[in-house]
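Enquirer: Mind looking over this structure? Questions follow.
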Amino acid sequence: MANNGAKAVVNARGLVDRALVRPQDHAELKAVEENFRIRIPAHVLAALEGAGADDPLRTQYVPDARELDHHAGESEDPIGDQVFEREKGITHRYPDRLLLKPTHSCQVYCRFCFRRETVGKPEAALDGAELQIALDYIRAHEEIFEVILSGGDPLVLSDRRLGALMEALGEIRHVGVIRFHTRAPLVSPERITDALIAALKRARKTVNIVIHVNHARELTDAVKAGLARLADNGIPLFSQTVLLKDVNDDAETLATLFRALLLNRVKPYYLHHLDHAKGVSHFAVPIVRGQAIMRALRGRVSGLCLPTYVLDIPGGHGKVPIGPAYLEHVEACDYQVEDYQGQSHRYCDWR
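Following this line, the structure appears as structure tokens:
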């Protein structure tokens with residue numbers, strides 16, 4: 005896809021000027037802008053040219069007045085980040101790994117983001133002293149095997165800052181793996197440069213990148229080239245996807261996405277059930293439908309294509325798999341097990 009040189013759209017007026025919304029919708033979307041950040045970068049703007057109202061990219065990135073509809077059960081912190089915040093920028097929820105959030109800025113602001121109350125706020129980013137405090141926390145906790153760089157999007161950091169951070173993490177003996185959660189390869193593929201890869205390698209640790217992708221239409225030629233550059237440099241790639249109404253809530257759409265990812269050396273990792281953030285209910289898909297979709301995918305696509313369908317328990321209690329069950333205990337060592345075609349079979353376990 006050619007980059008037409010357009011600047012990112014960052015407000016409701018820009019949406020009108022780019023003909024992404026109607027002029028009469030400006031007032032409502034200005035109210036959305038006052039509550040939740042807007043940013044659509046040039047690469048995505050180019051992909052949206054000529055897109056219809058039901059386009060899966062448009063649905064993900066163009067603000068909607070329904071974001072102002074808030075309901076009971078929605079939360080500013082739906083997965084309990086604040087409950088486990090040990091230092092500014094450090095969320096230590098699980099014993100052997102933690103989140104390090106050096107920035108809360110993103111190249112794009114998804115309309116269903118579970119951190120939408122904090123992303124885009126400059127004051128949430130770590131300054132030099134705060135980053136050192138965060139690194140000191142990691143140094144002091146020898147149980148930490150994996151550091152997950154999130155935010156925000158860690159790849160908004162400059163190569164210089166990112167390289168310095170990677171070098172600092174690389175010097176912590178007990179840290180074995182550094183993982184990135186990022187949208188950058190999908191929405192700003194020009195970010196994937198030799199200089200970036202050199203910065204990532206400064207840690208001299210295992211580096212894994214988990215990309216956030218929800219529809220095969222996001223995998224443009226430029227995106228595929230960036231993913232290939234990362235894979236060719238020995239960086240394992242994984243994906244996480246959010247199950248979204250009117251974007252990917254059917255088996256065929258997800259099968260197409262997961263196969264395309266595997267073709268591009270990306271292993272599908274998680275399929276997330278939508279978190280209860282404010283103003284995202286129009287994206288919600290019931291769990292029973294998500295389970296039915298996963299059941300339809302089982303056996304239809306390679307096991308390497310299948311992610312784990314997960315729910316982040318509200319309040320900070322962590323992720324749990326919520327896919328369909330295929331095994332039912334009958335009695336003693338006897339079970340009923342269902343195959344991928346829906347046929348039931350008796351299974352007698354080892355005694």
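Anchor point for the sequence shown: position 184 equals 188 in my numbering, and the numbering is continuous, going up by one each time. Just so it is clear, CB atoms sit at the ideal spot from N, CA and C, and this is done for glycine as well. Computed from a prediction, not measured in an experiment: that's the story for all the values here.
1. Given 8 Å as the limit, is there contact between the stretch 223-242 and the stretch 142-153, that is, 3 or more CB pairs closer than that?
2. Take every Cβ of the stretch 176-190, pair it with every Cβ of the stretch 150-162, and state whether three or more of those distances are shorter than 8 Å.
3. Would the stretch 88-102 count as touching the stretch 54-73 if we require 3 or more Cβ pairs under 8 Å?
4. Based on DSSP bridge pairs, tell me the residues matched to residue 244.
5. Could you please give the first and the last residue of the uninterrupted alpha helix (DSSP H) stretch that includes residue 205?
6. If you scan the stretch 93-179 from start to end, which runs of the alpha helix (DSSP H) of 4 or more residues do you find wholly inside it?
7. Kindly list the residues whose CB is nearer than 7 Å to the CB of residue 317, restricted to its own chain and excluding five residues on each side of it in sequence; keep chain order.
8. In the stretch 27-75, which residue ranges form an unbroken alpha helix (DSSP H) of at least 4 residues, counting only runs that do not cross its ends?
9. Quick check: the Cα distance between residue 334 and residue 328, rounded to an integer number of angstroms?
10. For residue 341, count neighbouring C-beta atoms within 10 Å of its own C-beta (all shown protein chains included) and say buried if the count is 16 or more, exposed if not.
11. Can residue 282 and residue 108 be called in contact, C-beta distance under 8 Å?
12. If you reduce the DSSP assignment to three classes, tell me which class residue 192 lands in.
13. Spatial neighbours of residue 9 within its chain, please: C-beta separation below 8 Å, excluding the five flanking residues on both sides.
14. Where DSSP assigns a beta bridge to residue 312, which residues make up the other side?
15. Thinking residue 307 and residue 247 are a contact (beta carbons under 8 Å), I'd like their distance in whole angstroms, please.
16. Give every residue of the same chain whose Cβ lies closer than 7 Å to the Cβ of residue 298, excluding the five residues on either side of it in the sequence, and list them in chain order.
17. Residues in its own chain within less than 8 Å of residue 5 by CB, not counting five upstream and five downstream?
18. Alpha carbon to alpha carbon, how far is residue 7 from residue 144?
19. Please report the straight-line C-alpha distance between residue 29 and residue 22, rounded to a whole angstrom.
20. Tell me, to the nearest whole angstrom, how far the beta carbon of residue 215 is from that of residue 241; I am working on the premise that it is less than 8 Å.
21. Start and end of the beta strand (DSSP E) containing residue 86?
22. Taking all protein chains shown into account, do 16 or more other C-beta atoms lie within 10 angstroms of the C-beta of residue 137, making it buried, or fewer, making it exposed?
23. State the start and end residues of the unbroken beta strand (DSSP E) segment that holds residue 341.
24. When DSSP builds the beta bridges, which residues end up paired with residue 305?
25. Just mark residue 158 as buried or exposed, buried being the case when its beta carbon has 16 or more other beta carbons within 10 Å.
26. Express the C-alpha separation of residue 217 and residue 256 in angstroms, rounding to a whole number.
27. Can you tell me the Cα-Cα spacing of residue 252 and residue 66, whole angstroms?
28. Cβ atoms of residue 231 and residue 270: under 8 Å apart, would you say?
29. Taking only the alpha-carbon atoms, compute the straight-line gap between residue 63 and residue 250 and give it to the nearest angstrom.
30. Whose CA, out of 336, 81 and 121, lies closest to the CA of residue 36?
31. From residue 25 to residue 44, what distance separates their C-alpha atoms?
32. Could you spell out the range, first to last residue, of the alpha helix (DSSP H) harbouring residue 18?
33. Taking 6 Å as the limit between beta carbons, can you name the residues of its chain near residue 69, skipping five residues before and five after?
34. By the three-class DSSP mapping on this structure, what secondary structure does residue 257 have?
35. Tell me where the alpha helix (DSSP H) around residue 227 begins and ends.
36. Output the boundary residues of the beta strand (DSSP E) element that contains residue 351.
Expert: Taking the geometry as given:
1. no
2. yes
3. no
4. Sequence index remark: in the sequence shown, residue 244 carries index 240 (1-based). Paired residue(s): 216 and 274.
5. Walking along the sequence shown from the start, residue 205 turns up at place 201. Premise fails: residue 205 is in no alpha helix (DSSP H) and is neither H nor E.
6. 132-144 and 163-174
7. The sequence position of residue 317 within the sequence shown is 313, counting from 1. These residues qualify, in order along the chain: 324.
8. 30-39, 46-52 and 60-65
9. Taking the first residue of the sequence shown as 1, we reach residue 334 at position 330. Taking the first residue of the sequence shown as 1, we reach residue 328 at position 324. Each residue's Cα considered, the two are about 18 Å apart.
10. As a working note, residue 341 is residue 337 in the sequence shown. By the neighbour-count rule (16 or more Cβ atoms within 10 Å), residue 341 is not buried but exposed.
11. What you label residue 282 is simply residue 278 of the sequence shown in a count that begins at 1. What you label residue 108 is simply residue 104 of the sequence shown in a count that begins at 1. For residue 282 and residue 108, no; Cβs fall outside 8 Å.
12. Numbered from 1 along the sequence shown, position 188 holds the residue referred to as residue 192. Note: residue 192 maps to coil in three-state DSSP.
13. By one-based count along the sequence shown, residue 9 stands at place 5. Per-residue confidence for residue 9 stands at a pLDDT of 46, beneath the threshold of 50, marking its modelled position as unreliable; the derived number appears in the next sentence. So the list reads 46, once near-sequence residues are dropped.
14. For the purposes of this step, residue 312 is taken as residue 308 along the sequence shown, with counting starting at 1. Per DSSP, 274.
15. Taking the sequence shown and counting its residues from 1, the one referred to as residue 307 is at position 303. Taking the sequence shown and counting its residues from 1, the one referred to as residue 247 is at position 243. Residue 307 to residue 247, Cβ: 19 Å. No contact.
16. In the sequence shown, counting from the first residue as 1, residue 298 sits at position 294. Hits under 7 Å: 313, 327 and 328.
17. Taking the sequence shown and counting its residues from 1, the one referred to as residue 5 is at position 1. Residue confidence is low: residue 5 scores 36 on pLDDT, short of 50, so the model does not pin down where it sits. Its coordinate-derived value is still stated next. Cβ neighbours of residue 5 beyond the five flanking positions: 47, 50, 51, 224, 225 and 226.
18. Locating residue 7 in the sequence shown gives position 3, counting from the first residue. Locating residue 144 in the sequence shown gives position 140, counting from the first residue. The predicted model places residue 7 with a pLDDT of 41, which falls under 50 and marks its position as unreliable; any figure quoted below should be read in that light. Approximately 45 Å, taken between the alpha carbons.
19. For the purposes of this step, residue 29 is taken as residue 25 along the sequence shown, with counting starting at 1. For the purposes of this step, residue 22 is taken as residue 18 along the sequence shown, with counting starting at 1. Near 13 Å, if we compare the C-alpha coordinates of residue 22 and residue 29.
20. In the sequence shown, counting from the first residue as 1, residue 215 sits at position 211. In the sequence shown, counting from the first residue as 1, residue 241 sits at position 237. Right, the Cβ-Cβ distance comes to about 7 Å (below 8 Å), so this counts as a contact.
21. As a position in the sequence shown, residue 86 is number 82, starting the count at 1. No beta strand (DSSP E) holds residue 86; DSSP gives it neither H nor E.
22. What you label residue 137 is simply residue 133 of the sequence shown in a count that begins at 1. By the neighbour-count rule (16 or more Cβ atoms within 10 Å), residue 137 is not buried but exposed.
23. The residue you call residue 341 lines up with position 337 of the sequence shown. 338-342 is the span of the beta strand (DSSP E), which, as asked, contains residue 341.
24. Taking the first residue of the sequence shown as position 1, residue 305 is located at position 301. Partner(s): 302.
25. As a position in the sequence shown, residue 158 is number 154, starting the count at 1. Buried, because 16 or more other Cβ atoms sit within 10 Å of the Cβ of residue 158.
26. In the sequence shown, the residue the question calls residue 256 occupies position 252. In the sequence shown, the residue the question calls residue 217 occupies position 213. Approximately 16 Å, taken between the alpha carbons.
27. To locate residue 252, count along the sequence shown from 1; it is residue 248. To locate residue 66, count along the sequence shown from 1; it is residue 62. Near 16 Å, if we compare the C-alpha coordinates of residue 66 and residue 252.
28. Counted from its first residue, the sequence shown places residue 270 at position 266. Counted from its first residue, the sequence shown places residue 231 at position 227. Cβ distance < 8 Å, so residue 270 and residue 231 count as in contact.
29. Position 59 of the sequence shown, counted from the first residue, corresponds to residue 63. Position 246 of the sequence shown, counted from the first residue, corresponds to residue 250. In a straight line, the C-alpha of residue 63 is about 8 Å away from that of residue 250.
30. Start at 1 with the first residue of the sequence shown, and residue 36 comes out as number 32. Closest by alpha carbon: 121.
31. Here residue 25 refers to the residue found at position 21 when the sequence shown is read from its first residue. Here residue 44 refers to the residue found at position 40 when the sequence shown is read from its first residue. Near 13 Å, if we compare the C-alpha coordinates of residue 44 and residue 25.
32. Locating residue 18 in the sequence shown gives position 14, counting from the first residue. Run containing residue 18: 16-21, per the alpha helix (DSSP H) assignment.
33. If you number the sequence shown from 1, residue 69 lands on position 65. Closer than 6 Å at Cβ, skipping near neighbours: 32.
34. By 1-based counting over the sequence shown, the position of residue 257 is 253. The answer is helix: DSSP assigns residue 257 an H, G or I state.
35. Numbered from 1 along the sequence shown, position 223 holds the residue referred to as residue 227. Taken as a continuous stretch (DSSP letters only), the alpha helix (DSSP H) holding residue 227 covers 225-236.
36. On the sequence shown, position 347 is the one that residue 351 refers to. Where residue 351 is concerned, the enclosing beta strand (DSSP E) stretches over 348-352.
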